Structures are given as C-alpha cells and as structure tokens.
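For the sequence shown, UniProt numbering assigns the number 1 to the initial residue and increments by one for each residue that follows.
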Amino acid sequence: MNENLIKREEERLSGIESKKREKESNKIASEDSDYIMKEINDLKTQIETKLDVLDTIEAKDELEIRLKELSCDYERLHQFINESVLYLAKYNIKLCQTLLNSIRSKIDTKKDSLVPKSKFSFKSSIKRNVKNSDPIDSQLSSVDQIDSSGSQLPSVQFIGFKNMSDCDQTLRMSSEECNSKDLQLEDLTNCRIEIFGAPNTLKINGLVNCSVFCGPITTSIFLSNCKDCVFKIAAQQLRIHSSYECKVYLHVTSRAIIEDSTQISFGPYDWTYEHILQDFKTANLDINCNNWRLIDDFDCLVTDKPSNNWSFIE
Numbered sequence: 001m002n003e004n005l006i007k008r009e010e011e012r013l014s015g016i017e018s019k020k021r022e023k024e025s026n027k028i029a030s031e032d033s034d035y036i037m038k039e040i041n042d043l044k045t046q047i048e049t050k051l052d053v054l055d056t057i058e059a060k061d062e063l064e065i066r067l068k069e070l071s072c073d074y075e076r077l078h079q080f081i082n083e084s085v086l087y088l089a090k091y092n093i094k095l096c097q098t099l100l101n102s103i104r105s106k107i108d109t110k111k112d113s114l115v116p117k118s119k120f121s122f123k124s125s126i127k128r129n130v131k132n133s134d135p136i137d138s139q140l141s142s143v144d145q146i147d148s149s150g151s152q153l154p155s156v157q158f159i160g161f162k163n164m165s166d167c168d169q170t171l172r173m174s175s176e177e178c179n180s181k182d183l184q185l186e187d188l189t190n191c192r193i194e195i196f197g198a199p200n201t202l203k204i205n206g207l208v209n210c211s212v213f214c215g216p217i218t219t220s221i222f223l224s225n226c227k228d229c230v231f232k233i234a235a236q237q238l239r240i241h242s243s244y245e246c247k248v249y250l251h252v253t254s255r256a257i258i259e260d261s262t263q264i265s266f267g268p269y270d271w272t273y274e275h276i277l278q279d280f281k282t283a284n285l286d287i288n289c290n291n292w293r294l295i296d297d298f299d300c301l302v303t304d305k306p307s308n309n310w311s312f313i314e
C-alpha cells in the first residue's frame, strides 16, 4: 500500500514538473519572439534615421560612404532575420519580408536620386547576396506555398536524395559524405533513409511513407510537406510545416516548432549506431539535454491548453 502511495505521489510531482516546464517553454517562446521583433524594429529605425540624414549631405564622396554603410546595415538586418525565422510565427515572417523589401526600396531610391549610377553599385552588391537561398525567403515561400525547388539551406549544391520511390535497398550516407554538410531529402516515397555522422543542417520536403534515421544535426532541421512518415532525428532546433500523420522520435536541445500541421506525435530519440557518441560531440549537441517534450504550435493560440495538432507517443 505504501509503495503505491509513493508511486502515485512521484507521478503527481512528475506531472506538475512537466506542466511547469511546458509553461516556461511557452513563456520563453513568447519572450524570444517579442525580443526579436523589438530588435528588428530598432535596426529598422536606425537605418531610416541614417537615410534621413543623407538629404543634408552635399559631398558625393561622403554620400557614397554613407550609402555603403547603409548597405552593411541592411545586410546585418537581413542576417539577423535569417537567424531568427525559426522562432517567428508566419505572420511575423511576412512582416519581416515586407520590412526588408521596404528598406531596400528606400535605400535604392535614395541612391538613384543622390548618386549617379556610374559611380556607385550598391544595388548590385545586394543582388549578389540575395542570390543565395536564405531562411527568410524560403520560410516566406513555405507560408503561402511550399515550392519543392526552394531551399532553406545556404548550399547551392544538392547533397542528399531526391525524386525516388519504392527503393529496394536502404538509402545510406556515411559520415565522410555528410559531416558538416547541408543535406536535403526531397520528393521521396516508400523509402528508408539512414544518415550517419554530424551534418550541419537538414531540409526534408515532400516525403510520403518514409522512414528517416539520422545522426545529430549541428544546427537546424526544416521539415515540410511530409505525410505518414517516421523520423528519428536530433538537432538544436526543429521546425515542422504543412505535414501530418508523422511520428517524430526527437532529440532537441532548444525546442521543436510545428505550423500548419496535424497528427504529429513525438517521442524520445532512440536510434543508435556505432560512433554515435562521437557524432554528438562533433555536432556539439549535449546528449544529456533532450527537450523533446517542449513543443510550440504556432497555430495554437491558447498557451495554457494542449494543442490538438500533436501528441506524445505512448
């Protein structure tokens, strides 16, 4: 009898602690988003103030210097937003894209009106940086319509598997092939994929009835448009978009975010293989820190009640 009482008390305390962690996670997510948007608006204000000052400068050499400084400010803002999109809801991502377009247009307009085109090439420098696919552009595309050719990864070289179905053999990548690389899995059906080592990032898009077993990812995993799949994945951060009926066995040191997704279930990461401990060290992931229970649903507006879009695997 005493043992049963002790067990029930332990379960009660464990439940209280779990709810406390989830409440703290929701608070942190909200505070992170508020802080990010405040920083973005502060940077925007600084750029606009510098733009207003340009009208008081007559020397063309100084104008060119100031415009180049604005170019750097714009790139810093763009980079900050890129690094923050994982924590932003889709409406904030849209706001950020609108903000970036507005600032770039204002800078270009000032440049065209104040400095002859032959003497300044600010616009071309921006275009050169924008050519690389970046998270803000890719996330914005995913909000409206995921384009299977789009990428949230900075790499221009495709590394991974795509356009395959009903594979007779397991698709594998060794640590030599993928360590520190940006990997992609795209448009796969009825496949089993095993990835060993410590890749840098992983983008998964358009998988149906697949099983993905992956070693620790150094930074982030972006998962979109997947149905009826099983994922055993580890990373600092995970974002799931437009997916359903998927099981995710997860090791995450930050948090997982889902959006426009339903019937997603989560359990602890349980895949193992030779040298996995070394891969966790290479990826700089703490194997003892797993926040797989901390799930943020951007479609669930009520933070004190569980979302119906996801559950824990029993």
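Each residue gets a CB set at the ideal place from its N, CA and C atoms; glycine is no exception. These figures come from a predicted structure and were not determined experimentally.
Unbroken beta strand (DSSP E) run spanning residue i, endpoints
i      : result
ASP108 : Here ASP108 belongs to no beta strand (DSSP E); instead the alpha helix (DSSP H) covers 90 to 114.
TYR249 : 244 to 259
LEU202 : 201 to 208
TRP310 : 310 to 312
ARG192 : 192 to 195
SER220 : 220 to 224
ASP297 : 295 to 297
SER211 : 211 to 216
THR262 : 262 to 268
Spatial neighbours of residue i in its chain, beta-carbon cut-off 7 Å, leaving aside the 5 residues before and after
i      : result
LEU54  : LEU63, ARG66, LYS110 and LEU114
MET37  : ASN92
TRP310 : ILE258, ILE264, SER265, PHE266, ILE295 and ASP297
SER84  : ILE36
Opening and closing residue of the alpha helix (DSSP H) in which residue i lies
i      : result
GLU186 : Not the alpha helix (DSSP H): GLU186 falls in the beta strand (DSSP E), residues 182 to 189.
ARG66  : 60 to 84
GLN157 : Careful: GLN157 lies outside any alpha helix (DSSP H) and carries neither H nor E.
LEU277 : 276 to 282
SER174 : Looking at the DSSP string, SER174 is not in any alpha helix (DSSP H), and its letter there is neither H nor E.
Beta-carbon proximity of residue i to residue j, cut-off 9 Å
i      : j      : result
PHE222 : THR201 : yes
LEU207 : ARG192 : no
TYR249 : TYR269 : yes
ILE174 : ALA198 : It is worth fixing the name first, because residue 174 is Ser in this sequence and not Ile. Cβ distance not < 9 Å, so SER174 and ALA198 don't count as in contact.
GLU177 : ILE159 : yes
ALA235 : THR219 : yes
Nearest to residue i (by Cα), restricted to the options the options
i           : options                           : result
residue 315 : LEU70, ASN92 and ILE195           : The structure shown does not extend to residue 315, since the chain is modelled only from 1 through 314, so no value can be given for it.
VAL252      : ASP42, ASN205 and ASP286          : ASP286
GLU39       : ILE159, ILE81, ALA256 and ILE57   : ILE81
ASP260      : SER242, ASN290, ALA235 and ASP168 : SER242
LYS203      : GLU177, GLN278, LYS281 and LEU238 : LEU238
ILE217      : LEU95, ASN205 and ILE276          : ILE276
ARG255      : ARG293, ASN284, SER211 and TYR244 : ARG293
GLN184      : GLU194, THR56, ASN205 and MET164  : ASN205
GLN278      : GLY215, GLU58 and ASP108          : GLY215
PHE196      : LEU95, ASP42, PHE280 and ASN284   : PHE280
ASP42       : ASP73, GLU58 and MET164           : ASP73
residue 379 : ASN290, CYS289, SER224 and ASN291 : The structure shown does not extend to residue 379, since the chain is modelled only from 1 to 314, so the question has no answer here.
CB-CB length for residue i against residue j, believed under 8 Å
i      : j      : result
PHE161 : LEU188 : 6 Å
ILE313 : ILE258 : Not really, about 15 Å apart at Cβ, beyond 8 Å.
LYS44  : ILE103 : 6 Å
Close Cβ partners of residue i (< 8 Å) along its chain, the five nearest in sequence each way excluded
i      : result
SER33  : TYR87, LEU88, ALA89 and ASN92
PHE120 : Low confidence applies to PHE120: its pLDDT is 47, below 50, so where it sits in the model is not reliable enough to give any reading.
ASN209 : THR189, ASN190, LYS227, ASP228 and CYS229
GLU48  : ILE103 and LYS106
CYS289 : THR253
Residues near residue i in its chain [Cβ-Cβ closer than 6 Å; skip 5 each side]
i      : result
CYS300 : SER307
TRP271 : PHE213 and LYS232
SER180 : ASN200
ASP166 : ASN190
LYS60  : none
THR282 : ALA198
MET1   : Note on MET1: pLDDT 49, under 50, position unreliable in the model; the coordinate value appears next. Excluding residues within five positions, none has a Cβ falling inside 6 Å.
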